[in-house]
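Protein chains: 4
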Amino acid sequence: MKSTKTSYFPAWREKIYQIIFKANTKSGKTFDIILLFSIILSVIAVLLDSVELIRIKYGNALFFTEWFFTILFTIEYFFRIISVKKRSKYIFSFFGMIDLLAVLPSYLSLLFIGTQYFLVIRILRLLRVFRILKLDRYVGASRYLKSSLKASRPKIIVFFGVLFTIVVIMGSLMYLIEGPENGFTNIPKSIYWAIVTLTTVGYGDVTPNTVLGQTLSSIIMILGYTIIAVPTGIISVEMSRAKEKSKKPFVCKNCNNSDNDKDAKFCKICGEKI
Amino acid sequence: MKSTKTSYFPAWREKIYQIIFKANTKSGKTFDIILLFSIILSVIAVLLDSVELIRIKYGNALFFTEWFFTILFTIEYFFRIISVKKRSKYIFSFFGMIDLLAVLPSYLSLLFIGTQYFLVIRILRLLRVFRILKLDRYVGASRYLKSSLKASRPKIIVFFGVLFTIVVIMGSLMYLIEGPENGFTNIPKSIYWAIVTLTTVGYGDVTPNTVLGQTLSSIIMILGYTIIAVPTGIISVEMSRAKEKSKKPFVCKNCNNSDNDKDAKFCKICGEKI
Amino acid sequence: MKSTKTSYFPAWREKIYQIIFKANTKSGKTFDIILLFSIILSVIAVLLDSVELIRIKYGNALFFTEWFFTILFTIEYFFRIISVKKRSKYIFSFFGMIDLLAVLPSYLSLLFIGTQYFLVIRILRLLRVFRILKLDRYVGASRYLKSSLKASRPKIIVFFGVLFTIVVIMGSLMYLIEGPENGFTNIPKSIYWAIVTLTTVGYGDVTPNTVLGQTLSSIIMILGYTIIAVPTGIISVEMSRAKEKSKKPFVCKNCNNSDNDKDAKFCKICGEKI
Amino acid sequence: MKSTKTSYFPAWREKIYQIIFKANTKSGKTFDIILLFSIILSVIAVLLDSVELIRIKYGNALFFTEWFFTILFTIEYFFRIISVKKRSKYIFSFFGMIDLLAVLPSYLSLLFIGTQYFLVIRILRLLRVFRILKLDRYVGASRYLKSSLKASRPKIIVFFGVLFTIVVIMGSLMYLIEGPENGFTNIPKSIYWAIVTLTTVGYGDVTPNTVLGQTLSSIIMILGYTIIAVPTGIISVEMSRAKEKSKKPFVCKNCNNSDNDKDAKFCKICGEKI
Numbered sequence: 001m002k003s004t005k006t007s008y009f010p011a012w013r014e015k016i017y018q019i020i021f022k023a024n025t026k027s028g029k030t031f032d033i034i035l036l037f038s039i040i041l042s043v044i045a046v047l048l049d050s051v052e053l054i055r056i057k058y059g060n061a062l063f064f065t066e067w068f069f070t071i072l073f074t075i076e077y078f079f080r081i082i083s084v085k086k087r088s089k090y091i092f093s094f095f096g097m098i099d100l101l102a103v104l105p106s107y108l109s110l111l112f113i114g115t116q117y118f119l120v121i122r123i124l125r126l127l128r129v130f131r132i133l134k135l136d137r138y139v140g141a142s143r144y145l146k147s148s149l150k151a152s153r154p155k156i157i158v159f160f161g162v163l164f165t166i167v168v169i170m171g172s173l174m175y176l177i178e179g180p181e182n183g184f185t186n187i188p189k190s191i192y193w194a195i196v197t198l199t200t201v202g203y204g205d206v207t208p209n210t211v212l213g214q215t216l217s218s219i220i221m222i223l224g225y226t227i228i229a230v231p232t233g234i235i236s237v238e239m240s241r242a243k244e245k246s247k248k249p250f251v252c253k254n255c256n257n258s259d260n261d262k263d264a265k266f267c268k269i270c271g272e273k274i
Numbered sequence: 001m002k003s004t005k006t007s008y009f010p011a012w013r014e015k016i017y018q019i020i021f022k023a024n025t026k027s028g029k030t031f032d033i034i035l036l037f038s039i040i041l042s043v044i045a046v047l048l049d050s051v052e053l054i055r056i057k058y059g060n061a062l063f064f065t066e067w068f069f070t071i072l073f074t075i076e077y078f079f080r081i082i083s084v085k086k087r088s089k090y091i092f093s094f095f096g097m098i099d100l101l102a103v104l105p106s107y108l109s110l111l112f113i114g115t116q117y118f119l120v121i122r123i124l125r126l127l128r129v130f131r132i133l134k135l136d137r138y139v140g141a142s143r144y145l146k147s148s149l150k151a152s153r154p155k156i157i158v159f160f161g162v163l164f165t166i167v168v169i170m171g172s173l174m175y176l177i178e179g180p181e182n183g184f185t186n187i188p189k190s191i192y193w194a195i196v197t198l199t200t201v202g203y204g205d206v207t208p209n210t211v212l213g214q215t216l217s218s219i220i221m222i223l224g225y226t227i228i229a230v231p232t233g234i235i236s237v238e239m240s241r242a243k244e245k246s247k248k249p250f251v252c253k254n255c256n257n258s259d260n261d262k263d264a265k266f267c268k269i270c271g272e273k274i
Numbered sequence: 001m002k003s004t005k006t007s008y009f010p011a012w013r014e015k016i017y018q019i020i021f022k023a024n025t026k027s028g029k030t031f032d033i034i035l036l037f038s039i040i041l042s043v044i045a046v047l048l049d050s051v052e053l054i055r056i057k058y059g060n061a062l063f064f065t066e067w068f069f070t071i072l073f074t075i076e077y078f079f080r081i082i083s084v085k086k087r088s089k090y091i092f093s094f095f096g097m098i099d100l101l102a103v104l105p106s107y108l109s110l111l112f113i114g115t116q117y118f119l120v121i122r123i124l125r126l127l128r129v130f131r132i133l134k135l136d137r138y139v140g141a142s143r144y145l146k147s148s149l150k151a152s153r154p155k156i157i158v159f160f161g162v163l164f165t166i167v168v169i170m171g172s173l174m175y176l177i178e179g180p181e182n183g184f185t186n187i188p189k190s191i192y193w194a195i196v197t198l199t200t201v202g203y204g205d206v207t208p209n210t211v212l213g214q215t216l217s218s219i220i221m222i223l224g225y226t227i228i229a230v231p232t233g234i235i236s237v238e239m240s241r242a243k244e245k246s247k248k249p250f251v252c253k254n255c256n257n258s259d260n261d262k263d264a265k266f267c268k269i270c271g272e273k274i
Numbered sequence: 001m002k003s004t005k006t007s008y009f010p011a012w013r014e015k016i017y018q019i020i021f022k023a024n025t026k027s028g029k030t031f032d033i034i035l036l037f038s039i040i041l042s043v044i045a046v047l048l049d050s051v052e053l054i055r056i057k058y059g060n061a062l063f064f065t066e067w068f069f070t071i072l073f074t075i076e077y078f079f080r081i082i083s084v085k086k087r088s089k090y091i092f093s094f095f096g097m098i099d100l101l102a103v104l105p106s107y108l109s110l111l112f113i114g115t116q117y118f119l120v121i122r123i124l125r126l127l128r129v130f131r132i133l134k135l136d137r138y139v140g141a142s143r144y145l146k147s148s149l150k151a152s153r154p155k156i157i158v159f160f161g162v163l164f165t166i167v168v169i170m171g172s173l174m175y176l177i178e179g180p181e182n183g184f185t186n187i188p189k190s191i192y193w194a195i196v197t198l199t200t201v202g203y204g205d206v207t208p209n210t211v212l213g214q215t216l217s218s219i220i221m222i223l224g225y226t227i228i229a230v231p232t233g234i235i236s237v238e239m240s241r242a243k244e245k246s247k248k249p250f251v252c253k254n255c256n257n258s259d260n261d262k263d264a265k266f267c268k269i270c271g272e273k274i
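Residue numbers (the working numbering), protein chains in the order written: chain A, 1 to 274; chain B, 1 to 274; chain C, 1 to 274; chain D, 1 to 274.
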């Protein structure tokens with residue numbers, strides 16, 4: 001805080017910044033917990049508002065709740081803008097956008113009917129709370145998951161490419177075999193059916209009726225049942241590698257054995273102290 | 001048995017304790033096997049009692065069976081309380097609660113109709129029998145499963161968090177796209193549909209009818225089909241680690257470190273030669 | 001063949017034995033291939049016979065085919081009995097039983113209507129052919145699969161025990177929540193529904209209609225979606241262990257390094273010739 | 001280009017060859033990107049053409065689009081034939097066949113109605129583009145997936161054999177239990193149902209109605225739910241092995257054995273010190 005630049009930044013804004021953006025002070029933690037419950041309550045209110053019977057009976061209370069949280073989150077949003085140092089960076093960041101989108105639908109609902117349901121986007125704000133509360137173990141876990149998924153991206157994309165090709169060709173074939181009279185009204189719908197079948201979801205809203213169609217769908221099912229092993233294998237291997245990596249960083253200077261455990265104090269091959 | 005305290009504990013109670021709670025005597029083992037069959041028979045009786053045709057025909061026999069086992073288990077429950085040393089600890093333990101809940105519904109059914117079906121909770125008593133019969137291999141297996149699941153808990157919770165966020169947002173989107181006229185009567189029901197789809201269950205009681213809805217559900221299906229790889233990967237890795245750990249057989253004589261690798265020549269903690 | 005015992009065994013029976021039971025002579029191989037196609041054709045005939053339209057049109061041809069193969073397999077069965085050395089051992093062996101069951105239903109169909117469909121059991125005879133043809137790679141693969149599954153048996157049984165407990169309790173709960181008016185007519189049917197849901201099959205013949213029922217089924221679905229990771233993890237780990245075992249049998253006599261590869265000729269640690 | 005043989009091959013054909021078959025020149029890359037978009041657009045046109053409402057409204061535009069791309073791809077196909085050195089080898093290669101099949105249905109549709117939908121086979125041409133664009137990371141990923149799948153082929157085939165046997169026997173049993181009056185009209189349809197159930201697809205178009213049938217299907221479901229672990233385990237292990245192999249970096253200078261472990265000090269084939 002020696003630089004002249006920060007002298008323009010008053011102490012009360014710094015304090016608000018600490019409360020809103022950080023969680024290492026007591027008031028910051030309290031703020032985050034209040035925020036957590038506000039988000040959950042406001043999302044539940046949106047969900048309940050969509051149930052007709054509840055809306056008829058408790059419409060007013062829900063309307064009040066919605067606007068209460070909208071105003072609360074709006075005030076919070078302005079305080080975030082005021083207290084942050086690099087405004088434009090915050091506004092266009094992922095969480096900045098979410099913070100704005102979490103209040104916008106309420107105001108838009110004054111102009112357009114139905115937009116208030118977009119408020120469920122508020123649930124994404126939970127991610128911020130998780131991040132801030134520094135649930136270290138969970139952050140570690142999610143970073144681990146993320147890095148595993150990232151490392152397996154090229155393989156997953158190739159897998160999706162193959163999947164995509166299969167459903168387009170299988171869907172088209174089924175359209176030719178079953179035809180509109182059996183519910184396969186057009187190729188896009190047949191592709192939708194192929195996805196429903198390959199992923200083993202199996203709604204049953206469209207089902208094959210001809211013997212040939214049932215034979216082909218049997219093949220698709222067994223294909224879907226088996227190739228699910230591929231992404232599972234990919235991610236298992238990447239996770240096991242990520243685990244191993246995080247476990248073994250100590251190379252012995254004496255014998256160059258790079259296979260020592262993380263908690264090792266002596267090289268397991270030559271006994272040299274690490 | 002030298003202490004004065006145990007002198008207050010009569011021999012017959014000690015004997016009952018050995019029979020009921022342990023399985024290393026012959027009479028203890030016999031007791032457990034009788035208990036095992038009693039539990040299974042009483043649960044089958046409850047299941048059959050719920051089938052109308054059987055109830056009409058054999059209602060009296062089932063009623064008798066139910067009360068026979070209820071009285072049997074009640075007597076057993078009192079013997080457990082009498083014979084155990086620390087009563088309150090037993091009563092409020094997991095198995096103590098189950099033992100009580102296994103007889104309570106019968107008595108409550110005298111006051112309220114229908115409560116007798118809660119008797120299926122008796123099936124949880126099987127866990128006690130398994131535990132007591134000391135099926136070592138199975139206990140080892142279940143301990144292994146439990147420790148693997150415990151180690152992967154933070155990752156599984158992060159995974160569920162992401163899953164939860166996906167179904168809330170996807171469910172709300174589908175409500176806006178399909179609307180009540182296509183069966184998506186409200187957001188909670190749409191979320192229910194999203195769970196049915198993401199988990200690849202696919203009942204087909206609610207299905208998308210619009211092109212946009214079918215496109216979005218295709219995305220949810222493929223998402224569900226692929227991200228099932230994540231918990232599988234997590235648990236595979238944890239299990240493989242648990243296995244590896246249980247495999248490491250080299251304990252250091254100097255510092256008792258039991259975590260040395262199979263190919264280690266020196267203890268990784270104290271540098272002692274193995 | 002020096003013993004006096006085998007002198008009672010004529011050469012022609014030995015030859016039949018070689019042809020029928022072994023596959024290392026040319027005639028033995030020819031026999032197996034004819035058997036392979038006979039089995040497949042006879043099973044296809046049974047399948048087609050069950051299709052009404054085909055039965056009406058080609059009933060006579062199928063009837064002839066069925067009896068043709070039945071008589072063929074009966075003759076083969078008697079030749080097996082004649083040529084084998086230890087008759088009772090063969091008759092009561094797994095394959096001996098299958099060989100008998102593969103012809104019995106035809107004869108029984110003369111007495112009872114409909115039994116001829118049991119002839120599909122003939123498909124199990126394919127296993128014999130596979131075994132005999134000495135498809136080494138496939139036999140190795142199936143032995144590998146079998147040993148992996150065997151090693152993971154205790155864990156799989158514990159897993160099934162937990163699964164069984166979950167579906168009984170969940171099914172009973174759903175019966176109480178949804179009741180007969182929503183299709184959950186009795187607890188066994190509710191348990192059937194719970195299995196349909198937990199395994200993510202999701203027929204949709206019985207579906208929850210109440211909000212509480214849909215919430216509970218959401219929990220069952222997510223449970224089923226996640227715990228499928230457990231058997232997968234178990235079998236992956238056992239397979240990876242089986243693989244490792246088959247890979248590393250060579251211990252170095254010089255330095256006791258047990259980590260040499262199967263194809264190694266020199267110890268990788270000390271350079272000693274293996 | 002010193003050999004006399006190539007002197008018969010004019011420069012303009014060499015240049016076309018470079019543009020069409022390779023992607024290392026600027027014009028070659030441009031050609032591939034145009035091809036990529038042409039394929040995607042032409043496939044989308046086919047898909048849209050199958051939707052009745054769109055065909056009625058935009059039928060002419062789609063008809064024009066289809067023929068535009070057909071002529072374009074026909075010209076391309078002839079240029080490929082002209083520019084390639086070994087013509088017959090190209091024509092009967094996998095990609096040569098696909099190139100032909102990508103235009104043939106249009107010409108056949110002049111003679112037979114409906115054949116134009118076979119044009120979706122054009123989507124397979126995307127594979128060529130991927131190959132040519134030298135998306136190295138993706139090619140590496142797909143080669144890795146391919147080699148993993150190839151190594152696990154014998155095991156997967158044994159698995160399919162067992163699966164096939166299960167569905168035939170289970171399907172036949174269900175036909176005998178449920179019978180035509182419950183929708184199981186013949187054994188092939190029952191086998192179809194068994195596949196739908198075992199793969200956990202669960203359309204619900206055919207469902208068991210008898211208690212015995214529901215019990216048997218519960219067994220099939222749990223079987224299907226559990227044995228999916230087998231291919232997953234197989235592929236996970238193979239992938240992890242493929243990964244490990246690609247990791248081993250130590251090549252022996254003496255015998256060029258590239259299969260030495262990371263921690264090896266002596267070559268396992270010739271005993272040379274590394």
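Every residue gets a Cβ at the ideal spot worked out from N, C-alpha and C, and that includes glycine.
Keep in mind that this is a model prediction, so the values were computed, not measured.
Residue i, DSSP secondary structure in three states
i: residue 84(D); result: coil
i: residue 32(B); result: helix
i: residue 24(D); result: coil
i: residue 69(C); result: helix
i: residue 12(B); result: helix
i: residue 49(A); result: helix
i: residue 62(B); result: helix
Buried versus exposed, by CB contacts within 10 Å (16 or more), residue i
i: residue 150(C); result: exposed
i: residue 209(A); result: exposed
i: residue 178(D); result: buried
i: residue 59(B); result: exposed
i: residue 226(C); result: buried
The alpha helix (DSSP H) enclosing residue i, as first and last residue numbers
i: residue 197(B); result: 187-198
i: residue 218(C); result: 211-227
i: residue 165(D); result: 153-178
i: residue 104(C); result: 104-108
i: residue 96(B); result: 94-101
Selected residue, minimal CA-CA separation from residue i, among the options
i: residue 160(C); options: 206(B), 170(B), 145(B); result: 145(B)
i: residue 70(B); options: 224(B), 221(B), 38(B), 236(B); result: 38(B)
i: residue 84(B); options: 244(B), 157(B), 15(B); result: 15(B)
i: residue 198(B); options: 212(B), 27(B), 235(B), 165(B); result: 165(B)
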